[in-house]
Amino acid sequence: MKIIKKIVAMQNSKLEYHGLRKEEEGLREALCTLGNGYFATRGAAEESEADGTHYPGTYLAGGYNRLKSQIAGKTIENEDLVNWPNWLHLSFRLEGDKNWFQLEKLQVLNYVQELDISAGILRREMHFIDEQQRETRIISTRLVSMDNPHLAAIKWDFVPVNWSGMVEVRSTLDGSTKNEGVKRYKPLKNQHLKIIKKGEAENAIYILVQTNQSLLYMAQAAKCVIFSKTQKLDVIRKFFRGKEVIGEIFTFHVTLGEQVSIEKTVSLFTSKDDAISEPLNDALKQVNGQADFSVVKRRHSEAWKRLWNKFDIFVNASGNSQLLLRLHIFHLLQTASKLTIGRDVGLPARGWHGEAYRGHIFWDELFIFPILNYRLPDLTRSLLLYRYKRLEEAKKLAKREGYDGAMFPWQSGSNGREESQVVHLNPKSGQWVPDNTYLQRHVNLSIAYNIWQYYEVTADKNFMKFYGAEMLIEIARLFAELASWCDLKKRYEIKGVVGPDEFHTAYPGNDSPGINNNAYTNVMASWLFSHTLKAFDLIGITRREVLKQELQLDDRELEKWKEMGSKLFIPFIEKGIIAQFEGYERLEDFDWEVYRKRYSDIHRLDRILDAEGDSVNRYKASKQADVLMLFYLFSSEQLVQLFKGLGYDFNTSNIPDNINYYATRTSDGSTLSRIVRSWVVARSDRKCAWHCFREALVSDFEDVQGGTTPEGIHLGAMAGTIDIVQRCFTGLEIRNDVLWLNPQLPKEINSLSMKINYRGVWLQLNFSANSCRIEPLDEVESDIKIQFKKQSFTISNKSTKVIQYQQN
Numbered sequence: 011m012k013i014i015k016k017i018v019a020m021q022n023s024k025l026e027y028h029g030l031r032k033e034e035e036g037l038r039e040a041l042c043t044l045g046n047g048y049f050a051t052r053g054a055a056e057e058s059e060a061d062g063t064h065y066p067g068t069y070l071a072g073g074y075n076r077l078k079s080q081i082a083g084k085t086i087e088n089e090d091l092v093n094w095p096n097w098l099h100l101s102f103r104l105e106g107d108k109n110w111f112q113l114e115k116l117q118v119l120n121y122v123q124e125l126d127i128s129a130g131i132l133r134r135e136m137h138f139i140d141e142q143q144r145e146t147r148i149i150s151t152r153l154v155s156m157d158n159p160h161l162a163a164i165k166w167d168f169v170p171v172n173w174s175g176m177v178e179v180r181s182t183l184d185g186s187t188k189n190e191g192v193k194r195y196k197p198l199k200n201q202h203l204k205i206i207k208k209g210e211a212e213n214a215i216y217i218l219v220q221t222n223q224s225l226l227y228m229a230q231a232a233k234c235v236i237f238s239k240t241q242k243l244d245v246i247r248k249f250f251r252g253k254e255v256i257g258e259i260f261t262f263h264v265t266l267g268e269q270v271s272i273e274k275t276v277s278l279f280t281s282k283d284d285a286i287s288e289p290l291n292d293a294l295k296q297v298n299g300q301a302d303f304s305v306v307k308r309r310h311s312e313a314w315k316r317l318w319n320k321f322d323i324f325v326n327a328s329g330n331s332q333l334l335l336r337l338h339i340f341h342l343l344q345t346a347s348k349l350t351i352g353r354d355v356g357l358p359a360r361g362w363h364g365e366a367y368r369g370h371i372f373w374d375e376l377f378i379f380p381i382l383n384y385r386l387p388d389l390t391r392s393l394l395l396y397r398y399k400r401l402e403e404a405k406k407l408a409k410r411e412g413y414d415g416a417m418f419p420w421q422s423g424s425n426g427r428e429e430s431q432v433v434h435l436n437p438k439s440g441q442w443v444p445d446n447t448y449l450q451r452h453v454n455l456s457i458a459y460n461i462w463q464y465y466e467v468t469a470d471k472n473f474m475k476f477y478g479a480e481m482l483i484e485i486a487r488l489f490a491e492l493a494s495w496c497d498l499k500k501r502y503e504i505k506g507v508v509g510p511d512e513f514h515t516a517y518p519g520n521d522s523p524g525i526n527n528n529a530y531t532n533v534m535a536s537w538l539f540s541h542t543l544k545a546f547d548l549i550g551i552t553r554r555e556v557l558k559q560e561l562q563l564d565d566r567e568l569e570k571w572k573e574m575g576s577k578l579f580i581p582f583i584e585k586g587i588i589a590q591f592e593g594y595e596r597l598e599d600f601d602w603e604v605y606r607k608r609y610s611d612i613h614r615l616d617r618i619l620d621a622e623g624d625s626v627n628r629y630k631a632s633k634q635a636d637v638l639m640l641f642y643l644f645s646s647e648q649l650v651q652l653f654k655g656l657g658y659d660f661n662t663s664n665i666p667d668n669i670n671y672y673a674t675r676t677s678d679g680s681t682l683s684r685i686v687r688s689w690v691v692a693r694s695d696r697k698c699a700w701h702c703f704r705e706a707l708v709s710d711f712e713d714v715q716g717g718t719t720p721e722g723i724h725l726g727a728m729a730g731t732i733d734i735v736q737r738c739f740t741g742l743e744i745r746n747d748v749l750w751l752n753p754q755l756p757k758e759i760n761s762l763s764m765k766i767n768y769r770g771v772w773l774q775l776n777f778s779a780n781s782c783r784i785e786p787l788d789e790v791e792s793d794i795k796i797q798f799k800k801q802s803f804t805i806s807n808k809s810t811k812v813i814q815y816q817q818n
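As structure tokens, then:
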């Protein structure tokens with residue numbers, strides 16, 4: 011049966027698929043993943059197994075393990091996000107059948123899979139006829155509790171439409187899982203788990219597993235109850251064991267037309283959890299004391315309702331923009347939620363939705379934290395502490411590289427060591443090639459930027475005093491070490507790095523990795539020095555003296571940062587056009603038209619050229635926004651001031667020229683690139699901004715990169731689309747303790763409304779094409795300073811403000 015994607019318009023909160031189509035199952039499973047910030051489970055059918063079409067996967071936030079593999083004559087060690095035992099499995103067979111339920115082999119009358127975004131519920135409706143003409147209807151309802159981090163549940167409503175007879179239902183916990191969700195990782199070792207014990211206890215089955223390197227335990231316990239109407243059904247229950255599986259089979263009679271409900275409740279605990287003695291004991295205790303499915307579902311849906319009350323953004327726009335925006339909010343909250351606060355985890359680039367990038371943490375939080383800062387700042391604080399807890403490891407990495415300060419890794423996992431691969435597989439050529447992307451030292455600058463942005467929104471001085479300032483100081487020390495004085499230029503330079511572009515990892519014909527004076531890195535380093543000094547000033551004299559002693563920091567070092575911040579070299583191609591890095595202008599022009607005709611999809615141009623025996627390092631061709639990141643992170647006024655502080659003449663009229671120059675030289679091989687492109691043209695070309703926004707909005711939904719989304723969502727891009735609506739289209743920013751608003755809505759958006767939490771006060775913001783309404787929802791203890799375009803005013807208690815304006 012051919013699949014039809016159908017989006018249900020009602021309330022713009024349901025994603026619905028009709029029919030079966032093998033080649034799209036992986037995408038559907040990723041987009042229908044359910045999670046709660048503690049663990050996530052892909053949206054695979056309960057009866058399925060990893061067979062090339064389906065891929066059930068359960069992933070624990072921060073649940074990593076390391077394995078060594080022999081690749082290209084080298085022993086390499088990779089740390090992976092572990093695929094834990096499959097708790098989903100639920101199947102059945104009817105009287106006289108030998109095989110268990112396989113929907114693909116039956117005559118399917120109707121199949122609908124529905125993700126209810128508002129309630130966090132995955133629902134499947136199956137209506138089919140078997141070879142004996144028995145007609146059956148099943149409605150499956152699944153949740154991963156947002157109320158209880160350790161709880162998940164499934165309910166099957168089973169109706170024999172035209173028959174009566176005996177049925178067997180099988181429920182298992184399967185410990186045979188491996189990490190097999192990413193094709194290009196197949197040559198690597200993938201067996202992370204060993205089974206410690208499995209069995210049955212009271213009315214539940216259980217399995218206890220342990221990772222074979224990190225020695226992390228996970229216990230799962232499952233309990234099934236079967237009802238007819240509201241009464242428990244008399245069933246014959248039989249346990250069974252396989253080598254790596256524990257299960258139970260229930261046998262019972264069903265009557266024509268009468269519904270039977272099967273409820274499976276599962277509890278997961280690990281040895282990383284707080285306030286437990288032993289995970290198996292707690293898993294069994296919880297599952298046996300759990301309420302029925304209706305109560306679990308109600309509590310779960312209420313928890314989601316509370317989240318949506320804070321996070322929902324209403325967009326009155328054509329098409330599916332509202333739904334997809336909510337889908338992105340939904341997946342963000344399934345990756346990191348209130349249940350994440352206090353846990354030692356970071357934000358993975360691909361969510362906890364699959365095994366792509368091995369669950370590692372990159373720089374994507376730069377695009378994600380702005381959403382959390384304004385709605386759940388305690389969560390941002392907790393996620394920033396993931397970095398702080400790895401500060402010592404970052405200092406060790408810097409020392410190993412010959413530097414003072416802290417060098418946070420490009421890819422981070424369990425303990426903060428550098429997890430970047432030594433080599434990576436080019437799927438175009440089939441060859442393993444060196445990977446120099448670890449030289450993206452700008453990840454440290456994004457951490458510093460995130461710290462400052464969190465402080466600006468929250469004014470959390472205690473965080474800055476005891477965590478933020480120390481991280482800023484150690485990152486500033488690193489960049490002071492990375493920078494060297496050039497007598498010829500009379501400026502400081504930063505050499506041997508890789509910028510956000512990622513394509514350019516060396517100069518043509520040069521065996522030494524890295525490029526020199528990446529403009530983004532150098533400008534951000536200047537920003538870092540000045541804002542580290544600001545942070546040091548604001549923490550107070552007592553804390554300053556403590557940090558000076560603890561970190562052996564003196565005034566000469568502080569003065570050095572001030573000097574370096576004003577004397578970093580920024581390369582230019584010509585007047586007003588910033589060079590991506592020194593020597594960029596000497597690279598060859600690339601024939602984009604020829605390659606687009608030859609390959610159609612050239613997002614990963616580096617792999618294409620490598621397979622041809624060429625190198626992207628030779629060309630003016632970028633994977634994603636690099637220079638343009640400056641226009642993404644800073645307003646035009648802020649950027650002009652940054653360049654002025656560096657002694658360069660740069661004005662706002664230069665910005666469109668820079669955008670146009672790099673737009674024609676970028677492949678947009680990263681989903682983040684469309685976010686940046688939309689943002690930077692929002693004021694000058696609203697049509698283009700909307701087009702790029704829409705491309706980013708549908709990128710995971712339509713899997714525009716051809717097979718990457720089934721391996722895991724692109725969380726940074728998802729969050730980036732939310733932030734375009736939240737901050738870019740509204741002009742929301744904070745400067746010098748003033749909340750700025752400068753709305754510029756695309757014509758496709760008639761209105762938008764949202765809530766933000768600014769320094770502890772909830773504000774309701776409503777925008778239309780010509781008016782804005784600002785209403786405080788909390789008691790305002792100190793007046794809030796607002797700058798709306800050229801108008802300045804304050805918001806106090808019960809002082810709703812309505813402003814009329816005209817868009818440019």
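In short: position in the sequence shown from 1, add 10, done, that's the working numbering.
We treat Cβ as the ideally placed atom computed from N, Cα and C, and that holds for glycine.
Model, not experiment: these values are computed from the prediction.
> Which residues bound the alpha helix (DSSP H) around E402?
Replying inline: Unbroken alpha helix (DSSP H) run through E402: L401 to R410.
> Does DSSP put T731 in a helix, a strand or coil?
Replying inline: Three-state result, T731: helix.
> In the DSSP assignment, what residue or residues form a beta bridge with E145?
Replying inline: DSSP lists I139 as partners of E145.
>> Assuming R608 is part of the alpha helix (DSSP H), what are its boundary residues?
In response: Per DSSP, R608 belongs to the alpha helix (DSSP H) from W602 to Y609.
>> According to DSSP, simplified to helix, strand and coil, what is P666?
In response: In this structure, P666 counts as helix in the three-state DSSP scheme.
>> Assuming H263 is part of the beta strand (DSSP E), what are its boundary residues?
In response: Counting along the chain, H263 sits inside the beta strand (DSSP E) bounded by residues V255 to V264.
> In chain order, what residues of the same chain lie with their CB nearer than 6 Å to the CB of K808, ignoring the 5 residues before and after it?
Replying inline: Excluding sequence neighbours, K808 sits near nothing in its chain.
> Do three or more CB pairs link the segment 589-596 to the segment 570-581 at distances below 8 Å?
Replying inline: With the rule of 3 Cβ pairs closer than 8 Å, the segment 589-596 counts as touching the segment 570-581.
> Where I734 and Q634 are concerned, what is the direct C-alpha to C-alpha distance, given to the nearest angstrom?
Replying inline: Each residue's Cα considered, the two are about 17 Å apart.
>> Can you tell me whether K500 is buried or exposed? The criterion is at least 16 other CB atoms within 10 Å of its CB, across all chains shown.
In response: When all chains shown are included, K500 counts as exposed.
>> For A301 and F279, which I take to be in contact (beta-carbon distance under 8 Å), what is that distance rounded to the nearest angstrom?
In response: The Cβ separation is near 18 Å, so there is no contact.
> Using the C-alpha atoms, what's the distance from S271 back to E428?
Replying inline: It is roughly 49 Å from the alpha-carbon of E428 to the alpha-carbon of S271.
> Which ranges would you report for the alpha helix (DSSP H) in the segment 670-699 if only whole runs of at least 4 residues count?
Replying inline: Unbroken alpha helix (DSSP H) runs of no fewer than 4 residues, entirely contained in the segment 670-699, are found at 681-690, following chain order.
>> Closest to G130 by C-alpha separation, out of N46, W689, F473 and V276, would be which residue?
In response: N46 is the residue among N46, W689, F473 and V276 whose C-alpha sits nearest the C-alpha of G130.
> From what residue to what residue does the beta strand (DSSP E) around R501 run?
Replying inline: Segment R501 to I504, the beta strand (DSSP E) holding R501.
>> Am I right that A229 and L161 are in contact with their C-beta atoms under 8 Å? What's the rounded C-beta distance?
In response: Actually they are not in contact, since the Cβ atoms of A229 and L161 sit about 13 Å apart, beyond 8 Å.
>> According to DSSP, simplified to helix, strand and coil, what is D470?
In response: Taken through DSSP and simplified to helix, strand or coil, D470 comes out as coil.
> In chain order, what residues of the same chain lie with their CB nearer than 6 Å to the CB of L10, ignoring the 5 residues before and after it?
Replying inline: Absent from the model: residue 10. The displayed extent of the chain is 11 to 818, so no value can be given.
> Which residue or residues does DSSP assign as beta-bridge partners of C234?
Replying inline: Residue pairing by DSSP places C234 opposite K274 in a beta bridge.
> Are L389 and I339 touching if we call contact CB-CB under 8 Å?
Replying inline: Annotated as distal: L389 and I339, with beta-carbon spacing of 8 Å or more.
> Nearest CA to the CA of F168: which residue from G267, V708, N532 and Q441?
Replying inline: Comparing C-alpha distances from F168 to each of G267, V708, N532 and Q441 shows the shortest one belongs to G267.
> Alpha carbon to alpha carbon, what distance is there between G252 and L376?
Replying inline: Going by the C-alpha atoms only, they are around 46 Å apart.
> Between Y69, R309 and K315, which lies nearest to H202 when the distance is taken from Cα to Cα?
Replying inline: Relative to the Cα of H202, the nearest Cα in the group Y69, R309 and K315 belongs to Y69.
> Between T261 and E178, what straight-line distance do the alpha-carbon atoms span, to the nearest angstrom?
Replying inline: A straight line joining the alpha-carbon of T261 with that of E178 spans about 4 Å.
> How is T280 classed by DSSP in three states: helix, strand or coil?
Replying inline: Three-state result, T280: strand.
>> Ignoring anything shorter than 4 residues, give me the alpha helix (DSSP H) runs that lie fully in the segment 422-470, in order along the chain.
In response: Correct list: 452-468.
> So, are the CB atoms of E145 and N109 less than 8 Å apart?
Replying inline: Contact flag unset, no.
> The beta strand (DSSP E) with M176 in it runs from where to where?
Replying inline: Unbroken beta strand (DSSP E) run through M176: G175 to D184.
>> Short of 7 Å in beta carbon distance, which residues of its chain neighbour I723, apart from the five on each side in sequence? Order them along the chain.
In response: Same-chain partners within the cutoff: A40, H341, R360, G361, H363 and D710.
>> Measuring CB atoms only, is the segment 613-633 touching the segment 431-442, in the sense that at least three cross pairs come out at less than 8 Å?
In response: They touch, by the three-pair rule.
> Would you report the Cα separation of S806 and N460, rounded to the nearest angstrom?
Replying inline: So the alpha carbons of these two residues sit roughly 28 Å apart.
>> According to DSSP, is N760 part of a helix, a strand, or is it coil?
In response: For N760, the secondary structure class from DSSP, reduced to helix, strand or coil, is strand.
> Are there 16 or more other CB atoms within 10 angstroms of the CB of G717, so buried, or fewer, so exposed?
Replying inline: Burial call: exposed.
>> Comparing C-alpha positions only, which one of I164, D61 and R103 sits nearest to N189?
In response: Of I164, D61 and R103, the residue nearest in Cα terms is D61.
> Terminal residues of the continuous alpha helix (DSSP H) containing Q651?
Replying inline: Element bounds for Q651: S646 to L656.
>> Could you give the first and the last residue of the continuous alpha helix (DSSP H) run that contains N319?
In response: For N319, the enclosing alpha helix (DSSP H) covers residues F303 to F321.
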